[in-house]
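A.B. asks: I have a structure here, written as structure tokens, and I will follow up with some questions on it.
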Amino acid sequence: MAKYNITELKEKEAAYRSLVSPKLMDELKEKILDIILIQKKYKDKDYSAKKLAEDLGTNTRYISAVVNVRFHMNYTSFVNKFRIEEAMTLLVDKRYRDLNMEDISDMVGFANRQSFYASFFKINGITPREYKLRHYQQHPTDAKRPLKRNKKRNIPQD
Numbered sequence: 001m002a003k004y005n006i007t008e009l010k011e012k013e014a015a016y017r018s019l020v021s022p023k024l025m026d027e028l029k030e031k032i033l034d035i036i037l038i039q040k041k042y043k044d045k046d047y048s049a050k051k052l053a054e055d056l057g058t059n060t061r062y063i064s065a066v067v068n069v070r071f072h073m074n075y076t077s078f079v080n081k082f083r084i085e086e087a088m089t090l091l092v093d094k095r096y097r098d099l100n101m102e103d104i105s106d107m108v109g110f111a112n113r114q115s116f117y118a119s120f121f122k123i124n125g126i127t128p129r130e131y132k133l134r135h136y137q138q139h140p141t142d143a144k145r146p147l148k149r150n151k152k153r154n155i156p157q158d
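In terms of this note's numbering, the sequence shown has 42 at position 42, counting the first letter as 1, and numbering is strictly consecutive.
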């Protein structure tokens with residue numbers, strides 16, 4: 001008899017996933033995308049899978065099944081993906097250059113800076129600050145601000 005009872009870990013299929021028909025999954029997928037992405041509910045810190053299920057007249061198990069099967073991730077990762085995509089846009093937008101990371105984090109729907117950093121790093125492999133710095137190193141003209149000039153002597157001033 002073997003000293004250790006080691007068995008291969010089999011990937012389990014959640015039973016409730018098979019309860020949702022492919023047709024219903026497709027319908028829910030489109031409705032989820034509409035609410036989360038088009039209506040930008042991902043920006044709402046308090047918009048949970050439970051609220052989404054209520055809005056769609058279904059339950060959280062169905063939401064979870066659809067997000068897992070159709071998007072290959074859990075609900076939190078799904079929502080955070082859109083938050084990070086928007087954050088990446090804001091981080092390199094000249095109009096938002098002076099915002100700090102907490103402001104950006106708040107604008108895209110994260111409850112705190114730590115979860116923003118963790119999600120950003122998980123998706124991109126670098127911190128939001130590194131992402132911003134790399135962009136400005138690659139596009140130095142974006143980093144420079146137009147200086148006010150002294151009209152009499154044409155001397156740049158701060």
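In this text, a Cβ means the ideal position worked out from N, Cα and C, and glycines have one as well.
Compare the beta carbon distance of G109 and R83 with 8 Å and say whether it is the shorter of the two.
C.D. replies: Yes. Within cutoff.
A.B. asks: Rounded to a whole number of angstroms, what is the C-alpha to C-alpha distance between V69 and H139?
C.D. replies: For V69 and H139, the distance between alpha carbons rounds to 39 Å.
A.B. asks: Just the C-alpha distance for R134 and K23, rounded to the nearest angstrom, thanks.
C.D. replies: Rounded to the nearest angstrom, the two C-alpha atoms are 44 Å apart.
A.B. asks: Can you tell me which of the three DSSP states L99 falls into?
C.D. replies: It is coil, neither helix nor strand.
A.B. asks: Less than 8 Å between the beta carbons of S105 and R113, yes or no?
C.D. replies: In contact: S105 and R113 (Cβ atoms closer than 8 Å).
A.B. asks: Are the Cβ atoms of I123 and V79 separated by less than 8 Å?
C.D. replies: Against a cut-off of 8 Å, the Cβ pair of V79 and I123 comes out as no contact.
A.B. asks: Using only CA atoms, which one of K45, Q39, L28 lies nearest to R61?
C.D. replies: It is L28 whose Cα lies nearest to the Cα of R61.
A.B. asks: Using DSSP with H/G/I as helix, E/B as strand and the rest coil, what is T141?
C.D. replies: It is helical.
A.B. asks: For the region 68 to 141, which segments carrying the alpha helix (DSSP H) assignment without a break, of at least 4 residues, lie completely within its bounds, in sequence order?
C.D. replies: Counting only runs of 4 or more, we get 75 to 91, 101 to 108, 113 to 124, 128 to 138.
A.B. asks: So I32 packs on L52, CB below 8 Å; how close in whole Å?
C.D. replies: With 8 Å as the limit, I32 and L52 qualify as a contact, their Cβ atoms being about 7 Å apart.
A.B. asks: Under three-state DSSP, which class holds T60?
C.D. replies: Here T60 sits in helix by DSSP.
A.B. asks: By DSSP, does S48 sit in helix, in strand, or in coil?
C.D. replies: DSSP places S48 in coil when its eight states are reduced to three.
A.B. asks: Could you tell me whether the Cβ atoms of A49 and I38 are closer together than 8 Å?
C.D. replies: Contact flag unset, no.
A.B. asks: Check for me: the alpha helix (DSSP H) holding L33 runs from which residue to which?
C.D. replies: Taken as a continuous stretch (DSSP letters only), the alpha helix (DSSP H) holding L33 covers 22 to 33.
A.B. asks: With DSSP run on the structure shown, which of helix, strand or coil describes K43?
C.D. replies: Reduced to three states, the DSSP call for K43 is helix.
A.B. asks: Nearest to K132 by CA position, among S119, D93, A118, F116, is which residue?
C.D. replies: Out of S119, D93, A118, F116, D93 has the C-alpha closest to the C-alpha of K132.
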